[in-house]
Amino acid sequence: MRIRHFAYVSLMALALTGCNDALESAQGIDLSTVKNKVEQPLPAHILADMSAKNMDRNSPIMIRIFKEEGTLEIWKAKTDNRFDKIADYKICAWSGKLGPKVKTGDRQAPEGFYNLSRANLNPNSKYYLAINTGFPNRYDAVNGRTGSDLMIHGACSSSGCYSMTDQQVLEIYAFARDAFKGGQDSVQLQAFPFRMTAENMVKHRLDSNYDFWKMLKVGYDNFEVTKRPPEVNVCEKKYVFNQQATNGGSFNPAGACPAMSTPPALTAALASYGKTYDADYQTALKKYDGLAWYDPTEAERKAVVAKQRKGRELAYAPTGTSLEAGRMVKVAELEDMMANQVAKSVAAKTAATATPTTQAQATTVAAALPANIPVPMQNPLAYAAPEEPAPQETADATKKPFWKFWARN
700 MRIRHFAYVS LMALALTGCN DALESAQGID LSTVKNKVEQ PLPAHILADM SAKNMDRNSP
760 IMIRIFKEEG TLEIWKAKTD NRFDKIADYK ICAWSGKLGP KVKTGDRQAP EGFYNLSRAN
820 LNPNSKYYLA INTGFPNRYD AVNGRTGSDL MIHGACSSSG CYSMTDQQVL EIYAFARDAF
880 KGGQDSVQLQ AFPFRMTAEN MVKHRLDSNY DFWKMLKVGY DNFEVTKRPP EVNVCEKKYV
940 FNQQATNGGS FNPAGACPAM STPPALTAAL ASYGKTYDAD YQTALKKYDG LAWYDPTEAE
1000 RKAVVAKQRK GRELAYAPTG TSLEAGRMVK VAELEDMMAN QVAKSVAAKT AATATPTTQA
1060 QATTVAAALP ANIPVPMQNP LAYAAPEEPA PQETADATKK PFWKFWARN
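If you use my numbering, the sequence shown corresponds to residues 700 to 1108, in order.
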(Lines of atoms letter the chains of each structure in order from A and count residues from 1; the text may use other names and numbers.)
(Lines give C-alpha, C1' and ligand atoms only; values in the text may rest on other atoms or scores of the structure.)
Protein backbone atom coordinates (compact mmCIF):
# COMPACT_ATOMS: atom_id res chain seq x y z
CA MET A 1 0.00 0.00 0.00
CA ARG A 2 1.33 3.43 -0.91
CA ILE A 3 0.84 4.88 2.55
CA ARG A 4 3.15 2.30 4.14
CA HIS A 5 5.81 2.97 1.54
CA PHE A 6 5.61 6.70 2.18
CA ALA A 7 5.88 6.22 5.96
CA TYR A 8 9.03 4.19 5.50
CA VAL A 9 10.62 6.81 3.28
CA SER A 10 9.77 9.51 5.83
CA LEU A 11 11.76 7.64 8.48
CA MET A 12 14.74 7.47 6.15
CA ALA A 13 14.54 11.20 5.48
CA LEU A 14 14.86 12.32 9.11
CA ALA A 15 18.30 13.49 10.23
CA LEU A 16 17.95 15.40 13.48
CA THR A 17 19.66 14.82 16.80
CA GLY A 18 18.16 13.03 19.79
CA CYS A 19 17.20 14.30 23.21
CA ASN A 20 20.08 16.11 24.91
CA ASP A 21 20.17 17.11 28.55
CA ALA A 22 21.33 20.63 27.79
CA LEU A 23 18.99 23.41 28.82
CA GLU A 24 17.16 24.40 31.95
CA SER A 25 14.06 26.51 32.35
CA ALA A 26 11.61 26.85 35.22
CA GLN A 27 8.84 27.63 32.72
CA GLY A 28 7.45 30.38 34.93
CA ILE A 29 6.66 27.95 37.76
CA ASP A 30 7.56 29.29 41.19
CA LEU A 31 9.74 26.59 42.74
CA SER A 32 11.37 28.91 45.27
CA THR A 33 9.72 27.10 48.16
CA VAL A 34 11.28 23.77 47.20
CA LYS A 35 14.26 23.28 49.50
CA ASN A 36 15.34 19.89 48.16
CA LYS A 37 13.79 18.84 44.85
CA VAL A 38 15.06 15.27 45.18
CA GLU A 39 13.27 14.76 48.52
CA GLN A 40 10.31 17.06 47.94
CA PRO A 41 7.24 15.26 49.38
CA LEU A 42 4.14 14.68 47.34
CA PRO A 43 1.34 17.25 47.85
CA ALA A 44 -1.10 16.66 50.69
CA HIS A 45 -4.03 16.20 48.29
CA ILE A 46 -2.26 13.28 46.56
CA LEU A 47 -1.44 11.65 49.90
CA ALA A 48 -5.11 12.01 50.87
CA ASP A 49 -6.17 10.36 47.61
CA MET A 50 -3.77 7.49 48.32
CA SER A 51 -5.35 6.94 51.70
CA ALA A 52 -8.85 7.01 50.20
CA LYS A 53 -7.82 4.42 47.59
CA ASN A 54 -6.18 2.09 50.15
CA MET A 55 -2.67 2.72 48.87
CA ASP A 56 0.44 2.75 51.04
CA ARG A 57 2.64 5.76 50.44
CA ASN A 58 5.58 3.57 49.36
CA SER A 59 3.66 0.94 47.40
CA PRO A 60 4.76 0.15 43.80
CA ILE A 61 3.82 2.37 40.88
CA MET A 62 3.50 2.00 37.11
CA ILE A 63 3.79 4.77 34.52
CA ARG A 64 1.57 4.79 31.44
CA ILE A 65 1.93 7.19 28.50
CA PHE A 66 -0.47 7.90 25.63
CA LYS A 67 1.12 10.01 22.91
CA GLU A 68 -1.95 10.90 20.88
CA GLU A 69 -3.76 12.62 23.73
CA GLY A 70 -0.51 13.75 25.37
CA THR A 71 -1.10 12.12 28.74
CA LEU A 72 1.18 10.57 31.36
CA GLU A 73 -0.53 8.52 34.08
CA ILE A 74 0.74 7.25 37.43
CA TRP A 75 -0.83 4.00 38.60
CA LYS A 76 -0.20 2.73 42.12
CA ALA A 77 -0.71 -0.57 43.92
CA LYS A 78 -3.54 -0.80 46.42
CA THR A 79 -3.52 -3.14 49.39
CA ASP A 80 -5.42 -5.72 47.30
CA ASN A 81 -2.41 -5.88 44.90
CA ARG A 82 -4.30 -4.28 42.02
CA PHE A 83 -3.25 -0.94 40.57
CA ASP A 84 -5.41 2.17 40.35
CA LYS A 85 -4.70 5.51 38.74
CA ILE A 86 -3.56 8.07 41.28
CA ALA A 87 -2.46 10.96 39.04
CA ASP A 88 -2.31 12.05 35.41
CA TYR A 89 -0.46 14.86 33.69
CA LYS A 90 -0.66 16.62 30.36
CA ILE A 91 2.63 16.02 28.54
CA CYS A 92 4.09 19.42 27.71
CA ALA A 93 6.15 18.28 24.70
CA TRP A 94 6.95 15.13 22.76
CA SER A 95 8.63 15.15 19.38
CA GLY A 96 8.07 13.32 16.12
CA LYS A 97 4.82 11.53 15.31
CA LEU A 98 2.99 8.43 16.48
CA GLY A 99 5.16 5.35 16.12
CA PRO A 100 8.18 3.82 17.87
CA LYS A 101 11.71 5.14 18.00
CA VAL A 102 13.74 3.33 15.35
CA LYS A 103 17.12 5.02 15.09
CA THR A 104 19.27 7.75 16.56
CA GLY A 105 18.22 11.12 15.19
CA ASP A 106 14.66 10.27 14.15
CA ARG A 107 13.21 12.51 16.90
CA GLN A 108 10.78 9.78 17.85
CA ALA A 109 9.77 9.23 21.48
CA PRO A 110 9.85 5.54 22.49
CA GLU A 111 6.86 3.21 22.45
CA GLY A 112 6.87 -0.13 24.25
CA PHE A 113 7.44 -1.64 27.69
CA TYR A 114 10.39 -0.46 29.76
CA ASN A 115 11.75 -1.34 33.21
CA LEU A 116 12.99 1.56 35.30
CA SER A 117 15.31 1.01 38.25
CA ARG A 118 16.53 3.47 40.86
CA ALA A 119 19.55 4.06 38.60
CA ASN A 120 17.19 5.54 35.97
CA LEU A 121 16.51 8.52 38.23
CA ASN A 122 18.67 11.56 37.45
CA PRO A 123 18.55 14.12 40.28
CA ASN A 124 21.14 16.32 38.56
CA SER A 125 19.42 16.81 35.23
CA LYS A 126 19.73 20.22 33.60
CA TYR A 127 16.09 19.65 32.71
CA TYR A 128 15.31 20.06 36.44
CA LEU A 129 14.75 16.33 37.16
CA ALA A 130 14.77 13.37 34.80
CA ILE A 131 13.91 9.69 34.60
CA ASN A 132 15.60 7.67 31.87
CA THR A 133 13.04 5.59 29.96
CA GLY A 134 15.47 2.70 29.56
CA PHE A 135 15.46 2.84 25.75
CA PRO A 136 16.66 0.67 24.11
CA ASN A 137 15.21 -2.32 25.94
CA ARG A 138 15.70 -5.97 24.97
CA TYR A 139 13.07 -5.74 22.23
CA ASP A 140 14.56 -2.57 20.76
CA ALA A 141 18.11 -3.92 20.87
CA VAL A 142 17.35 -7.23 19.18
CA ASN A 143 15.45 -5.39 16.44
CA GLY A 144 18.38 -3.09 15.74
CA ARG A 145 16.79 0.07 17.12
CA THR A 146 19.24 2.72 18.28
CA GLY A 147 19.21 5.79 20.49
CA SER A 148 20.11 6.82 24.02
CA ASP A 149 19.26 9.24 26.82
CA LEU A 150 15.53 9.25 26.10
CA MET A 151 14.00 10.79 29.19
CA ILE A 152 10.93 11.88 31.05
CA HIS A 153 12.12 15.30 32.23
CA GLY A 154 11.17 18.90 32.93
CA ALA A 155 11.68 22.11 30.95
CA CYS A 156 9.01 21.43 28.29
CA SER A 157 11.41 20.84 25.41
CA SER A 158 11.88 17.56 23.56
CA SER A 159 13.88 15.91 20.80
CA GLY A 160 12.82 12.34 21.42
CA CYS A 161 11.87 12.64 25.08
CA TYR A 162 8.64 13.04 27.02
CA SER A 163 9.00 16.52 28.48
CA MET A 164 6.88 17.82 31.33
CA THR A 165 6.82 21.08 33.21
CA ASP A 166 9.21 21.30 36.14
CA GLN A 167 6.36 21.12 38.64
CA GLN A 168 4.97 17.99 36.97
CA VAL A 169 8.29 16.16 36.88
CA LEU A 170 8.84 17.08 40.53
CA GLU A 171 5.76 15.00 41.42
CA ILE A 172 6.49 12.18 38.97
CA TYR A 173 10.01 11.88 40.36
CA ALA A 174 8.60 11.80 43.92
CA PHE A 175 6.22 8.95 43.02
CA ALA A 176 9.12 6.87 41.71
CA ARG A 177 11.43 7.79 44.59
CA ASP A 178 8.88 6.75 47.21
CA ALA A 179 8.16 3.46 45.43
CA PHE A 180 11.87 2.60 45.32
CA LYS A 181 12.15 3.49 49.01
CA GLY A 182 9.34 1.04 49.65
CA GLY A 183 11.38 -1.75 48.04
CA GLN A 184 10.14 -1.78 44.45
CA ASP A 185 13.01 -2.95 42.25
CA SER A 186 11.56 -2.12 38.85
CA VAL A 187 8.92 0.39 37.77
CA GLN A 188 7.19 -0.55 34.54
CA LEU A 189 6.79 2.19 31.93
CA GLN A 190 4.18 1.48 29.28
CA ALA A 191 4.37 3.90 26.34
CA PHE A 192 1.55 3.65 23.79
CA PRO A 193 0.66 5.65 20.68
CA PHE A 194 -2.95 5.93 21.87
CA ARG A 195 -5.50 4.15 24.05
CA MET A 196 -5.85 0.82 22.32
CA THR A 197 -9.61 0.76 22.07
CA ALA A 198 -11.40 -0.83 19.13
CA GLU A 199 -12.30 2.59 17.73
CA ASN A 200 -8.72 3.86 17.90
CA MET A 201 -7.36 0.69 16.31
CA VAL A 202 -9.78 1.10 13.41
CA LYS A 203 -8.86 4.76 12.99
CA HIS A 204 -5.16 3.83 12.72
CA ARG A 205 -5.57 0.56 10.77
CA LEU A 206 -3.72 1.92 7.70
CA ASP A 207 -0.67 3.13 9.60
CA SER A 208 2.62 1.39 8.77
CA ASN A 209 3.11 0.74 12.50
CA TYR A 210 -0.18 -1.11 12.88
CA ASP A 211 1.31 -4.60 13.27
CA PHE A 212 3.72 -3.33 15.92
CA TRP A 213 0.83 -1.68 17.74
CA LYS A 214 -1.20 -4.90 17.64
CA MET A 215 1.66 -6.57 19.49
CA LEU A 216 1.70 -3.81 22.12
CA LYS A 217 -2.06 -4.20 22.45
CA VAL A 218 -1.62 -7.69 23.89
CA GLY A 219 0.23 -6.14 26.84
CA TYR A 220 -2.33 -3.33 27.02
CA ASP A 221 -5.16 -5.87 27.19
CA ASN A 222 -3.42 -7.86 29.91
CA PHE A 223 -3.22 -4.77 32.09
CA GLU A 224 -6.80 -3.75 31.37
CA VAL A 225 -7.99 -7.18 32.47
CA THR A 226 -5.79 -7.67 35.54
CA LYS A 227 -4.93 -4.10 36.59
CA ARG A 228 -1.44 -5.44 37.25
CA PRO A 229 1.63 -4.64 35.16
CA PRO A 230 2.17 -7.67 32.92
CA GLU A 231 5.27 -9.82 33.01
CA VAL A 232 7.16 -8.85 29.85
CA ASN A 233 9.60 -11.07 27.97
CA VAL A 234 11.08 -11.06 24.46
CA CYS A 235 11.64 -14.01 22.15
CA GLU A 236 11.77 -14.35 18.36
CA LYS A 237 12.25 -10.56 18.40
CA LYS A 238 8.71 -10.14 19.76
CA TYR A 239 7.15 -9.05 23.03
CA VAL A 240 5.32 -11.76 24.98
CA PHE A 241 3.19 -11.04 28.03
CA ASN A 242 2.33 -13.01 31.16
CA GLN A 243 3.81 -16.18 29.68
CA GLN A 244 5.58 -18.82 31.74
CA ALA A 245 8.26 -20.88 30.03
CA THR A 246 7.63 -24.61 30.52
CA ASN A 247 9.74 -27.75 30.16
CA GLY A 248 12.83 -25.93 31.40
CA GLY A 249 12.76 -23.40 28.58
CA SER A 250 13.88 -19.79 28.77
CA PHE A 251 13.31 -16.54 26.89
CA ASN A 252 15.96 -15.47 24.39
CA PRO A 253 15.21 -12.21 22.55
CA ALA A 254 16.75 -13.48 19.30
CA GLY A 255 15.95 -17.17 19.77
CA ALA A 256 12.84 -19.27 19.32
CA CYS A 257 10.13 -18.85 21.92
CA PRO A 258 10.06 -21.68 24.45
CA ALA A 259 6.98 -23.73 25.17
CA MET A 260 4.77 -21.34 27.13
CA SER A 261 1.64 -21.43 29.23
CA THR A 262 -0.90 -18.86 30.39
CA PRO A 263 -2.80 -19.04 33.70
CA PRO A 264 -6.27 -20.42 32.83
CA ALA A 265 -8.07 -17.66 34.74
CA LEU A 266 -6.21 -15.03 32.74
CA THR A 267 -7.00 -16.82 29.49
CA ALA A 268 -10.70 -16.82 30.33
CA ALA A 269 -10.65 -13.13 31.28
CA LEU A 270 -8.81 -12.19 28.09
CA ALA A 271 -11.25 -14.21 25.99
CA SER A 272 -14.20 -12.34 27.49
CA TYR A 273 -12.44 -9.01 26.98
CA GLY A 274 -11.58 -9.97 23.40
CA LYS A 275 -15.17 -10.88 22.57
CA THR A 276 -16.36 -7.41 23.54
CA TYR A 277 -13.44 -5.83 21.66
CA ASP A 278 -14.22 -7.77 18.47
CA ALA A 279 -17.82 -6.58 18.50
CA ASP A 280 -16.72 -2.99 19.08
CA TYR A 281 -14.17 -3.29 16.25
CA GLN A 282 -16.82 -4.33 13.75
CA THR A 283 -19.01 -1.43 14.83
CA ALA A 284 -16.10 0.98 14.40
CA LEU A 285 -15.31 -0.44 10.93
CA LYS A 286 -18.80 0.47 9.79
CA LYS A 287 -18.56 3.90 11.41
CA TYR A 288 -15.26 4.73 9.70
CA ASP A 289 -15.78 2.95 6.40
CA GLY A 290 -13.54 4.65 3.82
CA LEU A 291 -11.97 6.91 6.45
CA ALA A 292 -8.70 6.87 8.40
CA TRP A 293 -6.85 9.09 10.84
CA TYR A 294 -4.42 11.72 9.62
CA ASP A 295 -1.54 11.82 12.11
CA PRO A 296 -0.31 15.42 12.19
CA THR A 297 3.32 16.44 11.96
CA GLU A 298 5.17 17.83 14.94
CA ALA A 299 5.02 21.27 13.31
CA GLU A 300 1.24 21.01 13.00
CA ARG A 301 0.98 20.04 16.66
CA LYS A 302 3.15 22.99 17.68
CA ALA A 303 1.00 25.34 15.62
CA VAL A 304 -2.12 24.65 17.69
CA VAL A 305 -0.37 25.78 20.88
CA ALA A 306 1.83 28.53 19.41
CA LYS A 307 0.32 31.17 21.69
CA GLN A 308 1.66 29.34 24.74
CA ARG A 309 5.23 30.19 23.74
CA LYS A 310 4.75 33.96 23.75
CA GLY A 311 6.79 35.70 26.42
CA ARG A 312 8.75 32.56 27.30
CA GLU A 313 12.31 31.44 26.73
CA LEU A 314 13.18 29.98 23.34
CA ALA A 315 13.87 26.61 24.97
CA TYR A 316 10.21 26.35 26.00
CA ALA A 317 8.64 24.35 23.17
CA PRO A 318 5.25 22.84 23.98
CA THR A 319 3.54 20.63 21.43
CA GLY A 320 -0.17 20.23 21.06
CA THR A 321 -1.78 16.81 21.03
CA SER A 322 -2.42 14.75 17.93
CA LEU A 323 -6.11 14.88 18.81
CA GLU A 324 -6.02 18.67 18.51
CA ALA A 325 -4.11 18.80 15.23
CA GLY A 326 -5.18 15.57 13.48
CA ARG A 327 -8.45 14.57 11.85
CA MET A 328 -10.30 11.83 10.03
CA VAL A 329 -9.96 11.98 6.23
CA LYS A 330 -10.82 9.84 3.24
CA VAL A 331 -8.32 7.06 2.63
CA ALA A 332 -7.35 8.33 -0.83
CA GLU A 333 -6.86 11.83 0.54
CA LEU A 334 -4.66 10.48 3.33
CA GLU A 335 -2.39 8.68 0.89
CA ASP A 336 -2.03 11.81 -1.23
CA MET A 337 -1.26 13.93 1.84
CA MET A 338 1.42 11.49 2.97
CA ALA A 339 2.92 11.41 -0.53
CA ASN A 340 3.18 15.19 -0.60
CA GLN A 341 4.70 15.34 2.89
CA VAL A 342 7.37 12.78 2.09
CA ALA A 343 8.19 14.32 -1.29
CA LYS A 344 8.67 17.76 0.29
CA SER A 345 10.79 16.34 3.11
CA VAL A 346 13.05 14.36 0.80
CA ALA A 347 13.38 17.26 -1.66
CA ALA A 348 14.26 19.76 1.08
CA LYS A 349 16.93 17.56 2.62
CA THR A 350 18.52 16.45 -0.64
CA ALA A 351 18.50 20.00 -2.05
CA ALA A 352 20.33 21.25 1.04
CA THR A 353 23.07 18.64 1.04
CA ALA A 354 23.26 16.72 -2.23
CA THR A 355 24.82 17.29 -5.64
CA PRO A 356 22.68 16.69 -8.75
CA THR A 357 24.20 13.21 -9.02
CA THR A 358 23.39 12.23 -5.45
CA GLN A 359 19.88 13.67 -5.80
CA ALA A 360 19.24 11.26 -8.66
CA GLN A 361 20.70 8.43 -6.59
CA ALA A 362 18.42 9.31 -3.67
CA THR A 363 15.38 9.14 -5.93
CA THR A 364 16.45 5.72 -7.19
CA VAL A 365 17.04 4.41 -3.65
CA ALA A 366 13.69 5.72 -2.41
CA ALA A 367 11.88 3.99 -5.26
CA ALA A 368 13.57 0.71 -4.38
CA LEU A 369 12.67 0.76 -0.69
CA PRO A 370 10.36 -1.99 0.60
CA ALA A 371 6.67 -1.25 0.72
CA ASN A 372 6.51 -1.28 4.49
CA ILE A 373 8.69 -1.29 7.59
CA PRO A 374 9.52 -4.83 8.72
CA VAL A 375 7.62 -5.41 11.95
CA PRO A 376 7.41 -8.42 14.22
CA MET A 377 4.36 -10.63 14.01
CA GLN A 378 2.09 -10.91 17.02
CA ASN A 379 3.01 -13.87 19.19
CA PRO A 380 0.36 -16.51 18.40
CA LEU A 381 0.90 -18.06 21.83
CA ALA A 382 0.08 -14.87 23.69
CA TYR A 383 -3.53 -16.00 24.09
CA ALA A 384 -2.86 -19.75 24.15
CA ALA A 385 -3.86 -21.62 27.28
CA PRO A 386 -2.20 -25.05 27.46
CA GLU A 387 -2.53 -26.87 30.75
CA GLU A 388 -0.12 -25.61 33.38
CA PRO A 389 0.57 -26.17 37.06
CA ALA A 390 -0.62 -23.54 39.53
CA PRO A 391 1.83 -20.62 39.80
CA GLN A 392 3.15 -21.77 43.18
CA GLU A 393 4.06 -25.14 41.67
CA THR A 394 6.32 -23.82 38.92
CA ALA A 395 10.03 -24.51 38.91
CA ASP A 396 10.96 -21.09 40.25
CA ALA A 397 8.37 -20.84 42.98
CA THR A 398 10.46 -18.43 45.02
CA LYS A 399 10.41 -15.69 42.38
CA LYS A 400 7.18 -13.74 42.40
CA PRO A 401 5.92 -12.22 39.15
CA PHE A 402 6.45 -8.45 39.07
CA TRP A 403 2.79 -7.72 39.64
CA LYS A 404 2.81 -9.84 42.81
CA PHE A 405 5.66 -7.82 44.27
CA TRP A 406 3.43 -6.06 46.75
CA ALA A 407 1.62 -9.20 47.91
CA ARG A 408 1.42 -9.30 51.67
CA ASN A 409 2.41 -12.47 53.52
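Glycine is no exception: its CB is placed at the ideal position from the N, C-alpha and C atoms. None of the values given here were measured: they were computed from a predicted structure.
_Candidates Pro742, Pro759, Met1036, Leu741: closest to lysine 880 by CA position_ = Looking only at Pro742, Pro759, Met1036, Leu741, the smallest Cα-Cα distance to lysine 880 is reached by Pro759.
_Counting C-beta neighbours from all protein chains within 10 Å, is the total for serine 688 16 or more, i.e. buried, or is it exposed?_
Since the first residue shown for the chain is 700 and the last is 1108, residue 688 is missing from the structure and cannot be characterised.
*Which ranges would you report for the beta strand (DSSP E) in the segment 790-815 if only whole runs of at least 3 residues count?*
With a minimum length of 3 residues, the continuous beta strand (DSSP E) runs that stay inside the segment 790-815 are 811-815.
*Assign threonine 770 to one of three DSSP states: helix, strand, or coil.*
In the structure shown, threonine 770 sits in a strand (DSSP, three-state: E or B).
*Could you name the residues of the same chain whose beta carbon sits closer than 6 Å to that of cysteine 956, not counting the 5 residues immediately before and after it, in chain order?*
Excluding positions up to five away in sequence, the list reads Cys934, Glu935.
*asked:* In the DSSP output, what is valine 939 paired with across the bridge?
replied: Answer by DSSP bridge pairing, in chain order: Asn932.
*asked:* Which residue marks the beginning of the beta strand (DSSP E) containing phenylalanine 922, and which one marks its end?
replied: For phenylalanine 922, no beta strand (DSSP E) run applies; the uninterrupted alpha helix (DSSP H) run containing it begins and ends at 909-925, by DSSP.
_Once DSSP output is grouped into helix, strand and coil, what is the label at glutamine 739?_
Correct three-state label for glutamine 739: coil.
*Once you ignore the five residues that flank alanine 953 on each side, which residues in its own chain have a CB closer than 7 Å to its CB?*
Closer than 7 Å at Cβ, skipping near neighbours: Val841, Lys936.
*Could you tell me which of Gln866, Val901, Pro835, Leu915 sits nearest to leucine 730, measuring between CA atoms?*
It is Gln866 whose Cα lies nearest to the Cα of leucine 730.
_lysine 1001 beta carbon less than 8 Å from that of threonine 1018_ = Judged by their CB atoms, threonine 1018 and lysine 1001 are nearer to each other than the 8 Å cut-off.
*Is there contact here, the segment 842-849 with the segment 802-821, by at least three beta-carbon pairs under 8 Å?*
At 8 Å Cβ cutoff, the stretches touch.
*Report back the beta-carbon spacing between threonine 808 and isoleucine 745 to the nearest angstrom; my notes put them in contact at under 8 Å.*
The residue you asked about is not threonine; residue 808 is alanine in the sequence shown. Between isoleucine 745 and alanine 808 the Cβ distance is about 26 Å, and since that is not below 8 Å, they are no contact.
*Where does leucine 990 sit, in a helix, a strand or coil, going by DSSP?*
Of the three classes helix, strand and coil, the one that applies to leucine 990 here is strand, per DSSP.
*Just mark glutamate 1086 as buried or exposed, buried being the case when its beta carbon has 16 or more other beta carbons within 10 Å.*
Its pLDDT being 35, under 50, glutamate 1086 is placed unreliably by the model, and the measurement read from it follows with that caveat. With a 10 Å radius around the Cβ and a threshold of 16 neighbouring Cβ atoms, glutamate 1086 comes out exposed.
*In its own chain, which residues sit with a C-beta less than 8 Å from the C-beta of glycine 989, not counting the 5 before and 5 after it?*
Within the same chain, Cβ atoms closer than 8 Å to the Cβ of glycine 989 are found at Lys1029, Val1030, the five residues on either side in sequence being excluded.
*Check the DSSP bridge columns for methionine 1036 and list the partner residues they point to.*
DSSP, once it has assigned bridges, lists no residue as partnering methionine 1036.
*Mind checking who lysine 1029 pairs with in its DSSP beta bridge?*
In the DSSP output, where bridge partners are listed per residue, lysine 1029 has Leu990.
*Using beta-carbon positions only, say whether glutamate 1034 and leucine 915 come within less than 8 Å of one another.*
No. Outside cutoff.
_Quick check on histidine 744: does DSSP put it in helix, strand or coil?_
Reduced to three states, the DSSP call for histidine 744 is helix.
*Can at least three beta-carbon pairs, one atom from the segment 958-971 and one from the segment 777-795, be found at a separation below 8 Å?*
No contact exists between the segment 958-971 and the segment 777-795.
*Beta-carbon proximity list for threonine 770, same chain, < 8 Å, skipping 5 on both sides*: Once the five neighbours on either side are set aside, the close Cβ partners of threonine 770 are Ile764, Asp787, Tyr788, Lys789, Ile790.
*Taking just the CA atoms, how far does arginine 1008 sit from alanine 1016?*
Rounded to the nearest angstrom, the two C-alpha atoms are 7 Å apart.
*Would you identify the three-state DSSP class for valine 950, choosing helix, strand or coil?*
Rather than valine, the amino acid found at residue 950 in this sequence is phenylalanine. Three-state DSSP puts phenylalanine 950 in coil, outside helix and strand.
*Of the choices Pro892, Tyr972, Thr896, Lys1048, whose alpha-carbon is the least far from that of proline 995?*
Checked all of Pro892, Tyr972, Thr896, Lys1048; the closest Cα to proline 995 is Pro892.
*Output the distance between the C-alpha atoms of phenylalanine 911 and alanine 978, rounded to the nearest integer angstrom.*
Take the alpha-carbon of phenylalanine 911 and the one of alanine 978: they are about 22 Å apart.
*asked:* If I measure Cβ to Cβ from glycine 1025 and keep anything under 7 Å in the same chain, skipping five residues before and after, which residues do I get?
replied: Trp992, Tyr993, Asp994, Pro995.
*Per-residue DSSP class, three states only, for leucine 1022*: Of the three classes helix, strand and coil, the one that applies to leucine 1022 here is helix, per DSSP.
_Cβ-based burial, glutamine 766 [other Cβ within 10 Å; buried from 16]_ = The sequence shown places lysine at residue 766, not glutamine. Here lysine 766 is buried. Its C-beta has 16 or more other C-beta atoms within 10 Å.
*Secondary structure of leucine 828, DSSP reduced to three states*: Leucine 828 sits in coil when the DSSP states are folded into three classes, being neither helix nor strand.
_Own chain, CB closer than 8 Å to tyrosine 972, minus 5 neighbours either side, in chain order_ = Counting only Cβ-Cβ distances below 8 Å, and skipping sequence neighbours, we find Asp920, Glu923, Val924.
*Enumerate in chain order the residues of its own chain whose CB-to-CB distance from asparagine 676 is below 6 Å, with the five nearest sequence positions on each side excluded.*
Any property of residue 676 remains undetermined from this structure, which presents the chain solely from 700 to 1108.
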